[in-house]
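Just so we're aligned: 448 in my numbering is position 467 of the sequence shown, and the numbers increase by one with no gaps anywhere. The beta-carbon is built from N, C-alpha and C at its ideal position, and this holds for glycine as well. Small disclaimer: the values here were computed from a predicted structure and weren't measured. Heads up, the thing below is written out as structure tokens.
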Amino acid sequence: MRNPGRHADLSHPSISSGNTGWLALAFALFCAFISQVPDLVLLRASPNLDFWVHYNYAREYVAAIGAGEWRPHWAFQAHEGLGEPGLMYYAPLYYYAVWALHLLTGSVWQAMQWVEIGAGALLGWFTWRLCADWGYGRLSLLAVPLAVFAPNLVLLHNGFNGYPWASAGGPLAVLYWALMRPKAFDGRVVDPVAIGALSLVICTHTVTGLMAVIMIGATGLPVVLRAPVACWRSSAVWRPAATILGGLALSAWYLLPAFGSLSLIEAGVWRENYTPYDAFSLPVLSAAAHGIRWFGFQWPISLVSFALCGTGLWIVWRKKEASTLPPWFAPTLAIVAVTIFLSTELSYPLWMIDTPLRNVQFPHRFVTLLEPVAPFLLVCAWARIGRWRSSSSLVLGLTAIASLTMGAALVAKSALVDGESLTPHLGTLSPYPGLDEYRTAAAAERGYRSDDFDWPAHCAARNLTCSRIGRSGGAIRFRVDATDAGPVTLPIFQFPSWAVEIGGVAVPVRAERLTGLAEVELPAGRSEIAMFWKPLPLETAGIWTTLAALLLLVTVAIGHRMKRSAARPIARSERSPGPLQTST
């Protein structure tokens, strides 16, 4: 009997059975749920810095939106209640999703886990979808557990507690599907689907978005290397450039103010506290010189991911039909090669240069890009193996088993060994230390930290009676009774976006000389003070850029649909039976 997978990727098939799609979705949801059992069902985790960052920020989002702030910027309880603008710099989609599911679950922690389950299901389903689009049938289902239980992803969820980073695997699978689906090779330059997918990755986790930009750029490398002079005539070069520019423009509502205002916070901490030299995948020389940051990520997880991709690519190349490789092979090979290069010590000199690459911080992060790639390559390779008992099949099977076993073992280890009860850690939002990198520039310049500010004592020393009313209508409100007119320091760090009204009248606000806290001049008597977030010019520019990009993409998408509709009658009349329509 003919193996349909040996010819499937030489045509442009599509999913023919809706039932198979629903089965794949159910399977992906089941696998994603199992991967989250330690956190969601058993309420066990290993609280660390990242756990508290994401849990606190998720609760800040819920509180902010509940107070009428539909684009939260300020984490009010950070720095022991004096606040930080961290919400403006962290990619927001994960936290918006948590807020939405919180409305259904009533628990921020449960909402976080269901967001991660949804992201895992998205990863599994779109990896399956890509395999099915290339005609691999039921064999495509194998991609689901390989993607969802990728050791890198499981450890991100249950060990590192990098919840937005782990959740970005779902949008990343959408992006890889958009780049490698059959329709991606029809010669178009602007692909709204790929552009939207890149924006989704960026707005879920910024660092993964940066790596995704590099991934997209890698897809054009084969054409450049093959024809360095004539490559500029190829849509395979212009399409990655258009996708990157479009994705950045569509993300400008968040990205432009976040990156354009880094001078307003102590962002230098990112590069001072996190250096890449001890965080390469498969480290040897760097391990001897700098040590190893996290052995699990850098050796076993990186090794199994590279092995899956390398084995899959090797088998597809060896089993090519009539010296013809599928159109996705060269760009995927480039993605894997660039990932391995940037993840390992081969790229050591690049990390010594102060470029945007340093924002990735840890080279082994690039293994994240392989979460949807490795399962797709394994399915493609397995479909091309004619004899199931061949040495190629054995190597491929052992590599797949190693990946699944490692992922399952990490889930079990988190549930039974590493995890501790979360019950003492989950509760209402209260003041917490915050992050140094999001300390305002005004406070950093003065060397001031938040632990020693006592607002009642400050007010009493100035013969003032002060109280915090709360948050409503997108503002935080205070009440101050003053015997005489004069300055008062408010218990919140000053930031250029703050606008202050006293009794409904706008008044100037400045950074207090010693602390960097907000200071205003009060009249004598009782004053009702309201602090509002006034958007930075970059925020306004970002919103207009995103709206313009969205309008342009909708126009292009409508144009593509109209062209396909016009061409469909011609294609139907000229259609001839393809290899997938022949009988066995």
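The three-state secondary structure of GLY451, taken from DSSP, is strand. Taking 8 Å as the cut-off, the Cβ atoms of ASP172 and ARG220 count as close.
Pairing PRO307 with THR108 gives a Cβ-Cβ distance that is not under 8 Å.
Checking the DSSP bridge columns, you'll see ILE483 partnered with VAL486, ILE510. Scanning the segment 186 to 221 for uninterrupted beta strand (DSSP E) segments of 3 residues or longer gives nothing; none is fully contained. Annotation for ARG346: no beta strand (DSSP E) segment contains it, and DSSP assigns it neither H nor E.
For ALA441, there is no enclosing beta strand (DSSP E); the residue is found in the alpha helix (DSSP H) stretching over 436 to 442.
Taking each of ASN0, LYS164, ALA7, ALA233 in turn and checking the Cα distance to ARG545, the smallest one comes out for LYS164.
For ILE246, DSSP records a beta bridge to THR421. For LEU181 and LEU445, the gap between their C-alpha atoms comes out near 49 Å.
A Cβ-Cβ separation of about 6 Å places LEU127 in contact with LEU359 under the 8 Å criterion.
Under DSSP, SER384 shares a beta bridge with no residue. Only residues of its own chain outside the window of five on either side were considered, and among them PRO132, ASN133, LEU136, VAL348 have a CB closer than 7 Å to the CB of ILE282, listed in chain order. Counting along the chain, no alpha helix (DSSP H) covers PHE459; the unbroken beta strand (DSSP E) around it starts and ends at 456 to 463. Within the segment 68 to 129, complete alpha helix (DSSP H) segments of at least 4 residues are found at 74 to 86, 89 to 114, 124 to 129, given in chain order. In its chain, beyond the 5 residues on either side, GLN94 have a beta carbon closer than 6 Å to the beta carbon of LEU21. Under DSSP, PHE57 shares a beta bridge with no residue. By the criterion of a C-beta distance shorter than 7 Å, GLY64 is surrounded in its chain by TRP55, ALA56, PHE57, ILE473, PHE474, once the five residues flanking it on both sides are discounted. Here the C-alpha atom of TRP80 lies approximately 31 Å from the C-alpha atom of ARG252.
Following the DSSP letters along the chain, one finds PRO472 inside the beta strand (DSSP E) bounded by residues 467 to 474. An exposed status is given to LEU528, since fewer than 16 other beta-carbon atoms sit within 10 Å of its beta-carbon.
By the 16-neighbour rule on beta-carbons within 10 angstroms, TRP106 is buried. Annotation for LEU503: no alpha helix (DSSP H) segment contains it, though the beta strand (DSSP E) segment containing it runs 498 to 503. By alpha-carbon distance to HIS60, the top candidate from GLU502, LEU498, LEU519, LEU533 is LEU498. In this structure, DSSP gives ARG491 an extended state, which the three-state scheme calls strand. Cα atoms of TRP309 and ALA7: separation of roughly 27 Å, rounded to the nearest angstrom. Taking a cut-off of 8 Å for Cβ pairs, the segment 313 to 324 and the segment 381 to 389 do not touch, as fewer than three such pairs fall below it.
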